[in-house]
Each structure stands twice: as C-alpha cells, then as structure tokens.
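Going by our numbering, the sequence shown opens with residue 6, and the numbers climb by one from there. Just so it is clear, CB atoms sit at the ideal spot from N, CA and C, and this is done for glycine as well. Beneath this line is the structure, given in structure tokens, with notes to follow.
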Amino acid sequence: MAVNGVRRGASSARLLRVLDAAGRVPALVFLTVGAVANTEPHWGAIAALWVLEVALLVLLVVVARRLLRGHTTGVPSWAVWMAALAAGIAAWVPRELRVEVFSVPLGVGLVVAGCFALGEWEARTKVSGPGSAPVPQRTLVGWPVGWTGSWALLGPGILALLGPSVLATFTDPQTWRAVFVVAVALTGVLVGSRRGLAAPFLLGVWVLPVEVLIVFVSQLGTEISAVPWMLTLAAAGGVLLIIATLDERRTEGYGGAAAYLRDLR
Numbered sequence: 006m007a008v009n010g011v012r013r014g015a016s017s018a019r020l021l022r023v024l025d026a027a028g029r030v031p032a033l034v035f036l037t038v039g040a041v042a043n044t045e046p047h048w049g050a051i052a053a054l055w056v057l058e059v060a061l062l063v064l065l066v067v068v069a070r071r072l073l074r075g076h077t078t079g080v081p082s083w084a085v086w087m088a089a090l091a092a093g094i095a096a097w098v099p100r101e102l103r104v105e106v107f108s109v110p111l112g113v114g115l116v117v118a119g120c121f122a123l124g125e126w127e128a129r130t131k132v133s134g135p136g137s138a139p140v141p142q143r144t145l146v147g148w149p150v151g152w153t154g155s156w157a158l159l160g161p162g163i164l165a166l167l168g169p170s171v172l173a174t175f176t177d178p179q180t181w182r183a184v185f186v187v188a189v190a191l192t193g194v195l196v197g198s199r200r201g202l203a204a205p206f207l208l209g210v211w212v213l214p215v216e217v218l219i220v221f222v223s224q225l226g227t228e229i230s231a232v233p234w235m236l237t238l239a240a241a242g243g244v245l246l247i248i249a250t251l252d253e254r255r256t257e258g259y260g261g262a263a264a265y266l267r268d269l270r
C-alpha cells in the first residue's frame with residue numbers, strides 16, 4: 006500500500022527506489038519473527054521451521070535471479086538469507102537434529118544464487134571481452150548484483166556449507182561428518198581446478214588439513230572410527246594425486262604454481 010501510494014502521489018524518485026528495493030522487508034521480518042518466537046521443542050515446530058528455512062532459500066535464489074535480470078523484488082537477497090538463518094538456528098536450538106540438517110541448505114542456497122551470478126558475469130565477459138564487460142553498481146546489500154569473482158559469489162556459500170560441520174567435528178564428532186567435510190572439500194578442489202575458480206579450490210585446500218588435524222589430534226579412535234576414516238583419506242589422496250597430475254601441464258603453461266593461483270578467478 007505504501008509503494009502504491011508513493012507511485013500515485015509522490016515525486017521523490019529516491020524514495021520510490023527505496024520502497025521498490027525493500028518494501029516487503031517488514032513482511033519478511035514479521036513472518037520470521039512470528040515463527041521463531043513461537044518455537045517449541047517438539048517435532049512439529051522443528052519441521053515447520055525447517056520447511057520455512059528451505060522455502061526462504063528457494064526465495065533467495067528467485068530473488069537473486071530477478072535482481073540479476075534487472076527487476077525489483079521488494080526485498081534484498083541478504084535479508085532473505087538472514088531470515089532463513091534465523092529459522093535454521095531456532096530449529097537447531099532444541100538439539101533434536103544435527104547441525105547439517107540446517108547448515109547444508111543455508112550453504113547450498115547461497116552457492117546456487119552465487120552460481121547464477123557467476124554465470125551471468127561469465128556470459129557478459131564472453132560477449133564484451135575480458136575487462137570490458139559492463140558491471141552494475143556493486144553494493145553490500147545488493148549482492149549478488151555487481152559482484153564478480155568466485156570469492157564474492159561462491160565464498161560465502163562454501164563457508165556456510167563447511168564451517169559449521171568443521172566446528173562440529175570437534176564438539177560433536179561423528180564419522181559420517183568427517184567424511185562429509187572431506188568429500189565436499191575435495192569436490193571444491195576438483196571444481197575449482199577444472200573451472201579456474203579460486204574460492205572453491207583454495208577453501209577446499211585449506212579445509213582438508215584443518216579437518217584432518219581436528220580428527221587426528223582429538224577424535225580418532227574415540228568417536229570417529231579409524232577404518233572408515235583411513236579409507237576416506239586414501240581415497241582423498243588418490244583424487245588429489247589425479248588432480249595434481251592433470252594440472253601439472255597447465256601449471257607449467259602458466260609459468261609456475263604461483264602464476265596459476267594468481268590467475269584463478
């Protein structure tokens with residue numbers, strides 16, 4: 006109603022842009038606060054909050070795609086993700102389910118939205134040429150519009166996907182959790198190597214030794230089974246060896262590993 010009223014009777018273009026960009030934020034806030042404030046430690050409430058979280062993350066992807074196409078949405082993508090984060094935390098607090106049930110959707114939603122933005126940026130670069138592609142104005146609240154490179158577009162999602170699981174390996178060690186972290190980190194290394202993306206490649210390379218160190222220093226043989234973990238490490242070592250072999254010629258073409266890493270997007 007406020008947006009329609011301004012459109013009919015006001016002459017302030019700046020106010021109109023603000024209302025177009027964030028006019029539906031109060032509705033999003035009321036929806037999230039209402040659900041979180043009435044959280045109770047039983048399965049019905051937890052399931053409802055999880056459904057709300059996933060629905061908000063689907064909305065995040067839709068909002069990101071519309072923003073990338075130049076449309077207004079009435080709500081910024083960061084506000085949608087924060088609302089999903091609040092719903093996820095509220096559902097996780099009773100500790101009925103592991104953190105990955107809520108953290109993985111949060112990370113996947115950000116990664117998918119970032120992938121769409123990365124695809125748009127790469128498409129503009131191919132059409133206009135490197136360094137000459139038109140880039141919209143970049144603002145922190147306007148993500149992913151105007152942002153370029155894998156660190157800005159994929160880095161937050163990867164951190165949201167892996168960070169809680171790495172921390173939980175120390176506080177709530179589980180064999181499947183350690184295997185999951187290694188598998189996702191290896192996938193990041195593989196995708197980053199094949200696509201020339203810095204964020205998944207370097208974050209995967211950094212997460213692997215951190216997770217291995219946490220497991221070996223404090224948890225191996227107690228909560229984390231040694232045999233599945235050793236098999237996971239053997240498989241990971243084989244995958245890394247294959248990646249290194251395939252990338253050896255490419256690295257030489259760039260004039261060394263340092264030049265190759267600098268060229269990652």
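For residue i, the nearest candidate out of the options (CA to CA)
{"i": "Ala-69", "options": "Trp-148, Leu-251, Thr-144, Ala-241", "result": "Trp-148"}
{"i": "Arg-100", "options": "Ala-173, Val-215, Glu-127", "result": "Ala-173"}
{"i": "Ala-128", "options": "Ala-95, Arg-74, Val-210", "result": "Arg-74"}
{"i": "Pro-169", "options": "Leu-33, Ala-60, Val-104, Thr-227", "result": "Val-104"}
{"i": "Gly-197", "options": "Arg-29, Leu-159, Val-215, His-76", "result": "Leu-159"}
{"i": "Gly-243", "options": "Thr-180, Leu-191, Pro-161, Pro-46", "result": "Leu-191"}
{"i": "Trp-83", "options": "Leu-195, Val-146, Val-215, Val-171", "result": "Val-146"}
{"i": "Arg-199", "options": "Arg-29, Ile-248, Pro-31", "result": "Ile-248"}
Residue span of the alpha helix (DSSP H) that contains residue i, given as start and end
{"i": "Gly-39", "result": "30-42"}
{"i": "Arg-199", "result": "180-200"}
{"i": "Thr-77", "result": "Thr-77 -> no alpha helix (DSSP H), and no H or E assigned at all."}
{"i": "Val-212", "result": "203-219"}
{"i": "Glu-58", "result": "48-73"}
{"i": "Leu-145", "result": "It is not in any alpha helix (DSSP H) - Leu-145 carries neither H nor E in the DSSP assignment."}
{"i": "Trp-152", "result": "No alpha helix (DSSP H) contains Trp-152, which DSSP labels as neither H nor E."}
{"i": "Pro-169", "result": "160-176"}
Secondary structure of residue i, DSSP reduced to three states
{"i": "Met-6", "result": "Note on Met-6: pLDDT 48, under 50, position unreliable in the model; the coordinate value appears next. Looking at Met-6 - three-state DSSP - the assignment turns out to be coil, as it is neither helix nor strand."}
Cut-off 6 Å between Cβ atoms - residues of its own chain near residue i, not counting five sequence neighbours on either side
{"i": "Ala-165", "result": "Leu-111, Gly-112, Leu-115"}
Same chain, Cβ closer than 7 Å to residue i, neighbours up to 5 away in sequence not counted
{"i": "Leu-64", "result": "Val-85"}
{"i": "Pro-161", "result": "Leu-115"}
Residue i at chain D interface by Cβ criterion, 7 Å
{"i": "Arg-200", "result": "Of the chains in the structure shown, none is chain D; there is only one protein chain."}
Any non-hydrogen atom of the ligand PLP closer than 6 Å to residue i Cβ
{"i": "Ala-91", "result": "Absence of the ligand PLP from the depicted structure is noted, as is the absence of any ligand whatsoever, leaving it without description."}
Residues near residue i by beta carbon distance below 8 Å, same chain, minus five either side
{"i": "Leu-269", "result": "Ser-155, Gly-197, Gly-201, Leu-202, Ala-203, Phe-206, Leu-207"}
>> Does the contact criterion of 3 or more C-beta pairs under 8 Å hold for the region 174-194 versus the region 225-234?
In response: yes
>> Assess contact between the region 119-128 and the region 81-95, defined as three or more Cβ pairs (one per stretch) separated by less than 8 Å. Is contact present?
In response: no
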